[in-house]
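Asks:
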Amino acid sequence: MYDDCIFLSLRFPQKLWHIVNECKSGAIQWSVNGNTILLDYKKFQEQYLDASNSIFKTKNITSFIRQLNLYGFRKVTSHNRDPICNSHNPDVHEFLHENFRTGRPDLLSRVYRKTAGKLKRSQHISVKSVTEQDFLSKDSDHVSRLHMCRVNKLKIYQILFLKIFFFLCILLYRDISVTFHFLTFN
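Okay, so the sequence shown: first residue is 1 according to UniProt numbering, each after it adds one.
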């Protein structure tokens with residue numbers, strides 16, 4: 001679909017901005033008020049995701065929607081929906097982002113991928129507590145493994161010491177017996 005290497009290297013919001021402004025088929029377009037985008041799932045899948053030289057990394061509409069959500073786009077489900085999104089067009093869905101507006105490319109720098117730091121506080125706390133529990137569990141597991149390693153190391157040292165001791169005893173005994181044998185036969 002697009003061969004321009006510069007275009008392919010653009011961030012997701014810039015690519016999306018470009019195709020919303022260039023698309024003439026209705027696969028993706030601005031809403032009447034220009035504050036939301038309208039996405040026809042079937043047409044978009046066929047024209048943009050299934051294309052042999054697609055500009056997006058995904059080939060799946062569900063993954064594309066997930067990508068929209070990661071960048072802060074939210075599906076509009078209220079009564080304020082665009083007239084194109086009605087029961088006659090079940091494949092057309094409306095998405096909103098406060099910094100993705102028609103005629104406002106200057107706002108694109110404010111459209112960025114969400115990070116873990118953007119999670120709701122309650123989600124962050126539960127993730128944090130699970131992480132701490134996992135860490136403490138793993139930490140105690142590491143401590144017990146370390147203890148077992150020390151015990152095994154001591155056992156190995158004891159065995160090694162005994163082997164060296166017996167070896168020296170054998171050498172000493174041989175020397176004594178050779179000396180004794182020499183003295184008795186001379």
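C-beta: ideal position from N, C-alpha, C; glycine also.
Are the stretch 87 to 104 and the stretch 47 to 54 touching by the rule of at least three beta carbon pairs closer than 8 Å?
Replies: Not touching, per the Cβ criterion.
Asks: How many Å lie between residue 103 and residue 67 at the Cα?
Replies: About 23 Å.
Asks: Return the residue from the list 30, 109, 150 that minimises the CA-CA distance to residue 95.
Replies: If we check each option's Cα against that of residue 95, 30 comes out closest.
Asks: Spatial neighbours of residue 64 within its chain, please: C-beta separation below 7 Å, excluding the five flanking residues on both sides.
Replies: So the qualifying residues of the chain are 49, 56, 58.
Asks: By a C-beta neighbour count over all protein chains shown, 10 Å radius and 16 as the cutoff for buried, is residue 122 buried or exposed?
Replies: Any reading at residue 122 must be qualified, since the residue scores a pLDDT of 48, below 50, and its modelled position is unreliable; no value is offered.
Asks: To the nearest angstrom, how far is it from the Cα of residue 114 to the Cα of residue 36?
Replies: Between residue 114 and residue 36, the C-alpha separation is close to 19 Å.
Asks: Sort 25, 38, 148, 153 by Cα distance to residue 77 and report the nearest one.
Replies: Among 25, 38, 148, 153, the Cα nearest to that of residue 77 belongs to 38.
Asks: Residues in its own chain within less than 7 Å of residue 44 by CB, not counting five upstream and five downstream?
Replies: Excluding positions up to five away in sequence, the list reads 27, 28, 61.
Asks: Closest by CA to residue 16, which one among 163, 112, 156?
Replies: When each option's Cα is compared against that of residue 16, the closest is 112.
Asks: Using 10 angstroms around the beta-carbon of residue 165, count the other beta-carbons present and answer buried if the total reaches 16, otherwise exposed.
Replies: Label assigned to residue 165: exposed.
Asks: To the nearest angstrom, how far is it from the Cα of residue 107 to the Cα of residue 34?
Replies: So the alpha carbons of these two residues sit roughly 14 Å apart.
Asks: Go ahead and pull the three-state DSSP assignment for residue 166.
Replies: In this structure, residue 166 counts as helix in the three-state DSSP scheme.
Asks: In whole angstroms, what separates the C-alpha of residue 101 from that of residue 20?
Replies: Those two C-alpha atoms are separated by around 11 Å.
Asks: Near residue 99, what residues of its chain come up, given a Cβ to Cβ distance below 6 Å and the 5 sequence neighbours on each side ignored?
Replies: The answer, listed in chain order, is 107, 110, 111.
Asks: Residue 151 by DSSP, collapsed to three states: which one?
Replies: Three-state result, residue 151: helix.
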